[in-house]
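As you go down the protein sequences, you meet chains C and V in turn. Going by my numbering, the first sequence opens with residue 1049, and the numbers climb by one from there. Going by my numbering, the second sequence opens with residue 1049, and the numbers climb by one from there. No residue lacks a Cβ here, since even glycine has one placed at the ideal position from N, Cα and C.
Number of protein chains: 2
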Amino acid sequence: MSTIYIPKHIRPMHESLTNSDCALFHDMTNVERDSLEGIADQTKCNAGDYLFRQNAPSDNVYNVITGTVAIERVSNNGRRQVLGFLFPGDYLGVTNAPHYDCAVRSLTKTEVYKFNRKRLYSLADELPHLKTNIAEVSSRIFCRILDQLYILGQKKAHERLCFLFIQLLERLPGARPDRIELYMTRQDMADYLGLTIETVSRSLAKLKADGLIAFTQLNVLQIVDLPKVSEMADI
Amino acid sequence: MSTIYIPKHIRPMHESLTNSDCALFHDMTNVERDSLEGIADQTKCNAGDYLFRQNAPSDNVYNVITGTVAIERVSNNGRRQVLGFLFPGDYLGVTNAPHYDCAVRSLTKTEVYKFNRKRLYSLADELPHLKTNIAEVSSRIFCRILDQLYILGQKKAHERLCFLFIQLLERLPGARPDRIELYMTRQDMADYLGLTIETVSRSLAKLKADGLIAFTQLNVLQIVDLPKVSEMADI
DNA sequence: CGCTACATTGACAGCGTTCAAGGTAAGTGG
DNA sequence: CCACTTACCTTGAACGCTGTCAATGTAGCG
Chain C
1049 MSTIYIPKHI
1059 RPMHESLTNS
1069 DCALFHDMTN
1079 VERDSLEGIA
1089 DQTKCNAGDY
1099 LFRQNAPSDN
1109 VYNVITGTVA
1119 IERVSNNGRR
1129 QVLGFLFPGD
1139 YLGVTNAPHY
1149 DCAVRSLTKT
1159 EVYKFNRKRL
1169 YSLADELPHL
1179 KTNIAEVSSR
1189 IFCRILDQLY
1199 ILGQKKAHER
1209 LCFLFIQLLE
1219 RLPGARPDRI
1229 ELYMTRQDMA
1239 DYLGLTIETV
1249 SRSLAKLKAD
1259 GLIAFTQLNV
1269 LQIVDLPKVS
1279 EMADI
Chain V
1049 MSTIYIPKHI
1059 RPMHESLTNS
1069 DCALFHDMTN
1079 VERDSLEGIA
1089 DQTKCNAGDY
1099 LFRQNAPSDN
1109 VYNVITGTVA
1119 IERVSNNGRR
1129 QVLGFLFPGD
1139 YLGVTNAPHY
1149 DCAVRSLTKT
1159 EVYKFNRKRL
1169 YSLADELPHL
1179 KTNIAEVSSR
1189 IFCRILDQLY
1199 ILGQKKAHER
1209 LCFLFIQLLE
1219 RLPGARPDRI
1229 ELYMTRQDMA
1239 DYLGLTIETV
1249 SRSLAKLKAD
1259 GLIAFTQLNV
1269 LQIVDLPKVS
1279 EMADI
């Protein structure tokens, strides 16, 4: 039973998160969950705000409650690479380095839980399940990066877009083949997939013309031919 | 003082490894080092052999003693992506997933230390430094993957090659600007950099013609203009 | 209405892939 | 020692995808 104060309009963390990456609470007892909730602060930010910047001290681990964020990395010469999009349930800032090696920008209004990393990691020393779960979260993040690496190394523009769509379908809460809301701009997609915005636009047009996808609105996608889209995305 | 048996032609692990990634022993006492060495088996394999295959159970963590290996991933449609090259001191098989999501092939005769992962991780529960060091190793692996991701997303062919050269210069033991031995084939480079073998060949010719690099032998590279090569590789 | 930000489309050039031919080096067997 | 094989690498030519530059279209907002 929880003893800490929770504003009544907020559901306990382990009930409000639906994504499969919501793993910190996995296998934990209620008492353990309460201690984990005890070190979490809830914060909000608006579309366009940065949760943290590249090279800032990596003080916190975050867990997305609502909204979508983009992880991005900018190099000396100004080129930007988006390393991933994160959704409710996803974790960010899970690193052992003293500074973040990337920035996190919110694409929508976003609510997150913020864990002080030192406190989280020392709590993990007491709660074996938590330690396992942190490792599990890291492992999943790593697997996704490997997928993206493969896509960037081996796939053509329209295949990369299909990969993104399948990822959204699998990970974005509420996404269905007939309705996937794209919270990111074309530029964000381009920077994620290693393309230009024009190529993204043209590839979308091609996929549309071929009857694989459709747009009900500018940013609402429909996957018309899921088997073919899956096949093109296949890693 | 070491009490376990070490064949006399083999130097203790923590003395034989020079790479900066040799981090498992960092900050450990001699007693701690001995217990870590106690769970290590030494094995060898020939060029072309696989240390482990994609989807095999992830039973072991390896540490390269001598030689060079390539981490690779093959997809359903047969396209191959090389995820990295590893050198003496580097670790591989560091994952929390029950199966390896990639294969590891040796490019040369290779000696490795093999740690049973369960034993390594339970030993880490007793030795705080070891746990920290494992996390540190994971973190470095992750950072390198992010670098590669950026390269694949944003760089042109000749820039990607410069990136590889700088990586080799920094990480391959014995590499100097005027002599870098390339243990991998052109095809391996291509699969690492997301290019075709022909593009690799042509880009090498271009870099040579521009006076940035030279070849003393087919597989022995010389970086002639290090500042320019570094600049092109810049992440 | 006009402003702004974002997205699409067109024309064209260039980079990288593809297909094909030729070259190089090491190893094998007569 | 030399022809032959094999694996790897280089080079050429043509094609096509993607990037670049520029213009146009669209949606939201004051």
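Euclidean distance between Cα positions of K1204(C) and A1223(C): 24 Å
Residues near M1280(C) in its chain [Cβ-Cβ closer than 6 Å; skip 5 each side]: E1207, C1210
Going by C-alpha to C-alpha distance, which of Y1110(C), A1104(C), R1081(C), G1259(C) sits closest to N1164(C)? Y1110(C)
Under a CB-based cut-off of 8 Å, is Y1139(V) close to chain C? no
Quick check: the stretch 1160–1180 of chain C against the stretch 1092–1108 of chain V, are at least 3 beta-carbon pairs closer than 8 Å? no
For L1266(V), count the other beta carbons within 10 Å of its own beta carbon; 16 or more makes it buried, fewer makes it exposed. Which is it? exposed
According to the Cβ coordinates, are R1127(V) and Q1202(C) closer than 8 Å? yes
Would you call the CB atoms of L1155(C) and M1232(C) closer than 8 Å? yes
Identify whether K1157(C) lies in helix, strand or coil by the three-state DSSP scheme. coil
Among T1247(C), I1283(C), R1227(C), V1248(C), nearest to L1269(C) - alpha-carbon criterion: R1227(C)
Have a look at F1263(C) and A1257(C) and give me their C-alpha separation to the nearest angstrom. 11 Å
DSSP state of L1266(V), grouped into three classes? coil
Which term fits A1088(C), buried or exposed, when burial requires 16 or more other beta carbons within 10 angstroms of its beta carbon? buried
Under 7 Å from the C-beta of L1269(C): neighbouring residues of chain V: Those within 7 Å of L1269(C) in chain V number zero; the least Cβ separation is about 22 Å.
C-beta atoms of G1137(C) and Y1148(C) nearer than 8 Å: no
Quick check on S1278(V): does DSSP put it in helix, strand or coil? helix
Label E1120(C) either buried or exposed according to how many other C-beta atoms from any shown protein chain fall within 10 Å of its C-beta, with 16 as the threshold for buried. buried
Jot down the residue ranges of each uninterrupted alpha helix (DSSP H) in the stretch 1193–1260 of chain C, minimum 4 residues, whole runs only, in chain order. 1205–1219, 1234–1241, 1245–1257
Under 8 Å, Cβ to Cβ, is there at least one residue of chain V near G1259(C)? no
With a 10 Å radius around its C-beta and 16 neighbouring C-beta atoms as the bar for buried, classify S1170(V) as buried or exposed. exposed
Per DSSP, what kind of secondary structure is D1082(C) in: helix, strand or coil? helix
Pull out every residue of the stretch 1188–1219 of chain C whose Cβ sits closer than 7 Å to any Cβ of chain V, in chain order. F1190, C1191, I1193, L1194, Q1196, L1197, Y1198, L1200, G1201, Q1202
What distance in whole Å lies between the Cβ atoms of L1194(C) and L1212(V), which are believed to be in contact at a cut-off of 8 Å? 19 Å between Cβ atoms; not a contact.
State the DSSP-derived secondary structure class of P1105(C), mapped to helix, strand or coil. strand
Beta strand (DSSP E) containing L1024(V): first to last residue? What is shown of chain V runs 1049 to 1283, which leaves residue 1024(V) out entirely.
Please list the partners that L1072(V) has in chain C, where partner means a Cβ-to-Cβ separation under 8 Å. What L1072(V) touches in chain C: nothing, since even the nearest Cβ is about 14 Å away.
With 9 Å as the limit, tell me which residues of the stretch 1226–1239 of chain C have their beta carbon closer than that to any beta carbon of chain V; keep them in chain order. D1239
If we define contact as Cβ-Cβ less than 8 Å, is N1108(C) a contact residue for chain V? no
Report yes if the CB atom of I1214(V) is closer than 8 Å to the CB atom of V1277(V), and no otherwise. yes
Can you pull the DSSP bridge partners for A1088(C)? F1163(C)
Start-to-end residues for the beta strand (DSSP E) that takes in Y1098(C): 1098–1100
Distance, Cα to Cα, S1249(C) vs R1167(V)? 51 Å
When the Cα atoms are used, what is the spatial distance from R1219(C) to T1244(V)? 32 Å
Start and end residues, beta strand (DSSP E) containing V1117(C): 1117–1122
Of all the CB atoms in chain C, is at least one closer than 8 Å to the CB of I1245(V)? no
Could you please tell me which residues of the stretch 1126–1160 of chain V, in chain order, have their CB closer than 9 Å to any CB of chain C? R1127, R1128, Q1129, V1130, L1131, T1143, N1144, A1145, D1149, C1150
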